[in-house]
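First comes the structure, then the notes that go with it.
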Amino acid sequence: MSEFVVVGDHITVASIRSYLFAKRIDKGDTLVLNPMDYEHLVGDIKESGEPIDIPLNVLGVLLAKDPSGDVPVGKVQIVKNEKL
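So for the sequence shown, UniProt numbering puts the first residue at 1; every next one is plus one.
Set out below in structure tokens:
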């Protein structure tokens with residue numbers, strides 16, 4: 001079963017970066033976010049004036065919106081990139 005983890009008080013690009021460094025999440029892995037958190041993150045990026053790359057990623061880690069709604073607000077799910 002998947003584990004949901006907290007990356008900080010609020011999910012921001014800065015908190016995601018810090019989490020990726022602290023937990024050594026690999027490039028190519030995916031963080032799945034609750035749809036509300038994902039939209040809030042996209043809104044913050046738009047307000048910053050920085051260009052948005054689609055698909056959205058931070059340091060090579062893909063940020064994806066949870067299509068099932070299983071990921072709780074304020075948490076993320078880590079999906080490891082399985083190398084075949």
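Glycine is no exception: its CB is placed at the ideal position from the N, C-alpha and C atoms.
Item checked: Same chain, Cβ closer than 7 Å to Pro55, five either side skipped, listed in chain order -> Here residue 55 corresponds to residue number 55 of the sequence shown, with the count starting at 1. Residues of the same chain with a CB within less than 7 Å of the CB of Pro55, apart from the 5 flanking positions on each side, are Leu62 in chain order.
Notebook entry, point to check: For the stretch 12-78, which segments carrying the beta strand (DSSP E) assignment without a break, of at least 3 residues, lie completely within its bounds, in sequence order?
Noted result: If we require 3 residues or more, the beta strand (DSSP E) runs fully inside the stretch 12-78 come out as 30-33 and 61-65.
Checklist line | Cβ-Cβ distance between Ile11 and Leu33 below 8 Å | finding: Stepping through the sequence shown from its first residue, residue 11 is reached at position 11. Stepping through the sequence shown from its first residue, residue 33 is reached at position 33. Cβ distance < 8 Å, so Ile11 and Leu33 count as in contact.
Item checked: Simplified DSSP assignment, three categories, for Val6 -> Numbered from 1 along the sequence shown, position 6 holds the residue referred to as residue 6. Correct three-state label for Val6: coil.
Checklist line | Top-ranked residue by Cα proximity to Leu59, from Phe4, Lys65 and Thr30 | finding: For this step, residue 59 is matched to residue 59 along the sequence shown. Its Cα nearest to that of Leu59, the residue Thr30 stands out among Phe4, Lys65 and Thr30.
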